[in-house]
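For reference, the structure discussed in these notes is given below.
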Amino acid sequence: MFVGYLRSRAQPSQMAKLLAISCKELGIELIYLTPKDINISNHEITGKILIRNNWVTVKTQIPLFIDVTAYEYSENNRVVFEFLEKNTLLSDNRLNLGKLASSNPFIISKELMNLELEKYSEIEKYLIPTLRVENFKDIDNALNHDKKVVLKPINGLGGKGVYLVTKLDDFNYQVEYQTKTQNIDLYEFINLFENEFTGGKYILQKYIQSSTRQGDPFDCRVHLEKDGLGKWAIVKKPIRIGIGQKVISNVNQGGGIADCLQFLKANFNGRANEINEKLNYLGILIAQIVEKVRQTELMTLGLDIGISPEGELYLFEVNGAPAITFAPTSIAFTRTMYYQYVLNKEERRIYYGAKK
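Residue numbers (full-length UniProt numbering): 1 to 356.
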């Protein structure tokens with residue numbers, strides 16, 4: 001059996017190698033390929049397989065299942081993915097996002113995803129009120145109501161471009177971005193708005209305090225993968241701490257990682273097990289609902305969940321292509337089991353002549 005692993009970089013990553021080794025244990029051959037390796041005319045691919053610790057180029061038919069992330073989708077690759085959609089099963093199909101699509105047709109709008117999730121009463125209390133910023137009055141009204149708001153780019157990835165704004169009084173504001181804090185007056189804030197937040201490209205959310213006793217922002221990254229039964233499983237849920245940061249806990253911008261349960265024990269006085277169980281429950285529940293909203297089966301998700309000082313949980317963000325740096329071995333093992341599940345399922349479908 002063959003499984004495809006499609007990424008844009010020319011050379012396979014360490015994760016690709018880890019998956020290839022894990023796949024061999026189950027009698028599966030992982031083929032590493034890029035969009036350029038697909039021959040649409042001949043229905044073939046020219047990819048790489050791991051043989052004796054070396055990547056060797058091979059030519060073969062289109063695999064029954066291809067592991068792909070949102071980052072590979074672009075207008076330049078549209079024809080390739082339209083071909084793949086008709087001839088194989090993709091772990092994440094971004095061609096038909098429909099009402100969830102942002103101005104980039106392959107990226108899910110944070111605002112529209114939030115609106116769809118709000119329709120599910122069982123998770124409504126975990127969602128943060130969200131509004132698209134159309135004009136300065138939208139921000140002003142929100143600050144008059146909540147005093148402190150978070151501004152996020154609708155198409156943002158990796159926690160980039162996130163601001164925290166506090167209204168100090170009628171004419172003064174505090175703006176926090178990454179590790180910097182700046183106090184500005186009303187006219188400077190209007191100028192910032194015109195330079196950064198116009199054009200409906202930002203959303204605003206009520207600020208939820210999710211910070212350590214030292215004042216550093218943190219969240220829990222609940223990393224989910226489908227397992228060998230095709231069910232959602234939580235592989236890892238590290239606490240990400242934005243040491244020295246003002247707004248988010250993005251470790252790519254400087255920060256640290258902590259074990260979830262140990263962190264909860266140190267910060268939530270006797271409620272650690274209760275909050276930990278709530279994180280497990282909420283992680284699986286939201287993953288199931290996101291699949292319903294997307295109207296497609298997914299393979300992996302990352303949920304960023306904040307925890308207030310009172311121990312209440314809030315969904316900060318849904319990530320369709322979460323980083324694998326926190327637990328690569330566990331992720332590789334679980335994902336390989338899912339590969340086997342999907343390949344067996346696809347072989348049965350083909351044998352019985354069922355439609356995809």
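For every residue, glycine included, the Cβ atom is placed at its ideal position computed from N, Cα and C. Owing to the predicted nature of the structure, the values given are computational and were not obtained by experimental measurement.
Handout entry: Close Cβ partners of residue 197 (< 6 angstroms) along its chain, the five nearest in sequence each way excluded
Key = Position 197 of the sequence shown, counted from the start, is the residue given in the question as residue 197. Correct list, in chain order: 133.
Exercise for the section: Look at the alpha carbon of residue 351 and the alpha carbon of residue 98, and state the distance between them as a whole number of angstroms. Expected result: Here residue 351 refers to the residue found at position 351 when the sequence shown is read from its first residue. Here residue 98 refers to the residue found at position 98 when the sequence shown is read from its first residue. The alpha-carbon atoms of residue 351 and residue 98 are separated by roughly 32 angstroms.
Problem - Candidates 344, 335 and 353, of which the one nearest residue 5 by Cα - result: Position 5 of the sequence shown, counted from the first residue, corresponds to residue 5. The shortest C-alpha separation from residue 5 is found at 335.
Exercise for the section: Drop a sphere of 10 angstroms on the beta-carbon of residue 297, count the other beta-carbons inside from all chains shown, and report buried for 16 or more, exposed for fewer. Expected result: Working through the sequence shown from its first residue, we reach residue 297 at position 297. Burial call: exposed.
Handout entry: residue 302 vs residue 314 beta-carbon contact at 8 angstroms
Key = Taking the first residue of the sequence shown as 1, we reach residue 302 at position 302. Taking the first residue of the sequence shown as 1, we reach residue 314 at position 314. The answer is no: Cβ separation not under 8 angstroms.
Exercise for the section: Work out the CA separation of residue 308 and residue 373 for me, nearest whole Å. Expected result: Any answer about residue 373 is impossible in this case: the structure gives the chain only from 1 up to 356.
Handout entry: Other residues of its chain near residue 124: CB distance less than 7 angstroms, five sequence neighbours each side excluded
Key = In the sequence shown, residue 124 corresponds to position 124, counting from 1. The residues are 118.
Practice task
Could you say which of 109, 78 and 90 lies nearest to residue 319 if we only look at CA atoms?
Solution key: For the purposes of this step, residue 319 is taken as residue 319 along the sequence shown, with counting starting at 1. Looking only at 109, 78 and 90, the smallest Cα-Cα distance to residue 319 is reached by 109.
Exercise for the section: Could you check what DSSP says for residue 334 in three-state terms: helix, strand or coil? Expected result: Here residue 334 is taken as the residue at index 334 of the sequence shown, counted from 1. In this structure, residue 334 counts as helix in the three-state DSSP scheme.
Problem - residue 262 versus residue 130 - alpha carbon distance - result: Your numbering for residue 262 matches position 262 in the sequence shown. Your numbering for residue 130 matches position 130 in the sequence shown. For residue 262 and residue 130, the gap between their C-alpha atoms comes out near 32 angstroms.
Exercise for the section: Could you tell me which residues DSSP puts in a beta bridge with residue 259? Expected result: Taking the first residue of the sequence shown as position 1, residue 259 is located at position 259. In the DSSP output, where bridge partners are listed per residue, residue 259 has none listed.
Problem - residue 13 versus 40, 199 and 50, residue with shortest Cα-Cα distance - result: As a first step, residue 13 must be located in the sequence shown, where it is residue number 13. The residue with the shortest Cα to Cα distance from residue 13 is 50.
Practice task
Excluding the 5 residues preceding and the 5 following residue 82 in the sequence, name in chain order all residues of the same chain whose CB lies nearer than 8 angstroms to its CB.
Solution key: Residue mapping note: residue 82 aligns to position 82 of the sequence shown, counting from 1. The answer, listed in chain order, is 95.
Practice task
Identify, in the order they occur along the chain, each residue of the same chain with its Cβ nearer than 8 angstroms to the Cβ of residue 40, setting aside the five sequence neighbours on each side.
Solution key: For the purposes of this step, residue 40 is taken as residue 40 along the sequence shown, with counting starting at 1. Around residue 40: 79, 80 and 83.
Problem - Short Cβ contact (8 angstroms threshold) for residue 155 with residue 107 - result: Translated into the one-based positions of the sequence shown, residue 155 becomes position 155. Translated into the one-based positions of the sequence shown, residue 107 becomes position 107. A contact, by the Cβ cut-off of 8 angstroms.
Practice task
Give the secondary structure of residue 319 by DSSP, where H, G and I count as helix, E and B as strand, and everything else as coil.
Solution key: Sequence index remark: in the sequence shown, residue 319 carries index 319 (1-based). Assignment of residue 319 by DSSP, reduced to helix, strand and coil, places it in the strand class.
Exercise for the section: Pair every Cβ in the stretch 269 to 277 with every Cβ in the stretch 69 to 78, then say whether three or more of these pairs are closer than 8 angstroms. Expected result: No: fewer than three Cβ pairs fall under 8 angstroms.
Problem - Separation of residue 333 from residue 114, as counted between CA atoms - result: The count along the sequence shown starts at 1 and reaches residue 114 at position 114. The count along the sequence shown starts at 1 and reaches residue 333 at position 333. So the alpha carbons of these two residues sit roughly 31 angstroms apart.
Problem - residue 97 in three-state terms, based on DSSP - result: Numbered from its first residue, the sequence shown carries residue 97 at position 97. It is coil, neither helix nor strand.
Handout entry: Cα-Cα separation between residue 326 and residue 238, rounded to whole angstroms
Key = Stepping through the sequence shown from its first residue, residue 326 is reached at position 326. Stepping through the sequence shown from its first residue, residue 238 is reached at position 238. Each residue's alpha carbon lies about 7 angstroms from the other.
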